[in-house]
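Peer 1: Following this message is one structure expressed as structure tokens.
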Amino acid sequence: MVRRVDLAAVRTFVAAADAGQFQEAAAVLSITQQAVSKRIAALERDLEVRLFVRTARGAQLTIDGQAFLPHARELLRAEERADASVRPGRRALRVDVVSRRVASAARVQEFYRAHPEIELDVVALNADVETAIAAVEAGTIDATFHAVPVPVPATITFVGEGSRYMWPDRYDLRRIPVRDPAPIYPMSLIWRADNPHPALAALRDHLASRRVGAPDTEVWLPKWTHRPARST
């Protein structure tokens, strides 16, 4: 049988056990002594055991109370760990780079080298833009790099050699840079405006500082960049 335990009551039980008196536990928790008594009584009903014996000197743990105390402390520690795991800044920033061989992955690597204190969880969903945006909206990822065929003023454009494709020497291939017209593949960092993760703001600032303008030559853009914006 699984019993539901009120963590507020557990916290009150631990405070009373440490203080040895309900009155002192009430002062520690900033509640009334009556509230302490009610919480302890409710916890005893839930557990179907007696946890304290009231004496002239205060509150003394019963044998069942002594047995429950270390588990109560662990419950509170587990609560703290669970809360910390989802608190902004305490978990890794999860970023989708589409593919680890393209410029977005290199930019994230640069960001990590500039901010080694920030924990990152880099994934490559290899998904289309609709699927990636859905993952951002659902909170599965914090942000994604994607080519979005809409005129977004804040689009971050990477100009220059950023691919990481390699091949064996036996393929007898050479890499020839295309300079005129210069090919440009616009990419956007997509995130939820209400995402409070502080590392996300640091990533945006880093990318903004690395943004470069178009070269002083003719440029070539893929056809999808000329598609009209979709209504949302």
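Just so we're aligned: the sequence shown equals residues 1 to 232 in full-length UniProt numbering. We treat Cβ as the ideally placed atom computed from N, Cα and C, and that holds for glycine.
Specify whether the region 16-29 and the region 52-65 touch according to this definition: at least 3 beta carbon pairs, one from each stretch, less than 8 angstroms apart.
Peer 2: Yes: the two stretches touch, three or more of their Cβ pairs being nearer than 8 angstroms.
Peer 1: Could you tell me whether the Cβ atoms of Val97 and Val122 are closer together than 9 angstroms?
Peer 2: Yes, these two residues count as a Cβ contact at 9 angstroms.
Peer 1: Quick check: what's the CA-CA separation for Ala8 versus His197?
Peer 2: Cα-Cα distance, rounded: 28 angstroms.
Peer 1: Rank Asn126, Leu120 and Glu137 by C-alpha distance to the C-alpha of Ala202 and give the top, closest one.
Peer 2: Checking every option, the nearest Cα to that of Ala202 belongs to Leu120.
Peer 1: In whole angstroms, what separates the C-alpha of Leu76 from that of Val10?
Peer 2: Between Leu76 and Val10, the C-alpha separation is close to 8 angstroms.
Peer 1: In whole angstroms, give me the CA-to-CA distance for Ala41 and Phe22.
Peer 2: Spanning the two alpha carbons is a distance of roughly 12 angstroms.
Peer 1: With a threshold of 16 other CB atoms inside 10 Å of the CB of Pro83, please say whether the residue is buried or exposed.
Peer 2: Per the sequence shown, residue 83 should be read as Asp rather than Pro. With fewer than 16 Cβ atoms within 10 Å of its Cβ, Asp83 is classed as exposed.
Peer 1: Hey, Thr12 and Arg39: beta-carbon distance below 9 angstroms or not?
Peer 2: Their beta carbons are under 9 angstroms apart, which means Thr12 touches Arg39 by this criterion.
Peer 1: Among the residues of its own chain, which have a CB less than 6 angstroms from the CB of Ala124, if the five just before and after it don't count?
Peer 2: Only Val97, Ser99 and Arg100 meet the Cβ criterion.
Peer 1: What did DSSP end up calling Ser30 once you bin it into helix, strand or coil?
Peer 2: In the structure shown, Ser30 sits in coil (DSSP, three-state: anything other than H, G, I, E or B).
Peer 1: Helix, strand or coil for Asp18? Go by DSSP, reduced to three states.
Peer 2: Of the three classes helix, strand and coil, the one that applies to Asp18 here is helix, per DSSP.
Peer 1: Would DSSP call Leu125 helix, strand or coil?
Peer 2: Here Leu125 sits in coil by DSSP.
Peer 1: Taking C-beta to C-beta, are Ser104 and Phe145 nearer than 9 angstroms?
Peer 2: Going by C-beta atoms, Ser104 is nearer than 9 angstroms to Phe145.
Peer 1: Using three-state DSSP, classify Ser188 as helix, strand or coil.
Peer 2: If DSSP states are grouped into helix, strand and coil, Ser188 belongs with the strands.
Peer 1: Between the C-alpha atoms of Ala199 and Gly58, what's the straight-line distance to the nearest angstrom?
Peer 2: Using only the alpha carbons, I get a separation of about 49 angstroms.
Peer 1: Give me whichever residues DSSP pairs with Phe145 in a beta bridge.
Peer 2: The partner list for Phe145 (beta bridge, DSSP) reads Leu189.
Peer 1: Using three-state DSSP, classify Val98 as helix, strand or coil.
Peer 2: If DSSP states are grouped into helix, strand and coil, Val98 belongs with coil.
Peer 1: How about Leu93 and Phe68: are their beta carbons less than 9 angstroms apart?
Peer 2: For Leu93 and Phe68, no; Cβs fall outside 9 angstroms.
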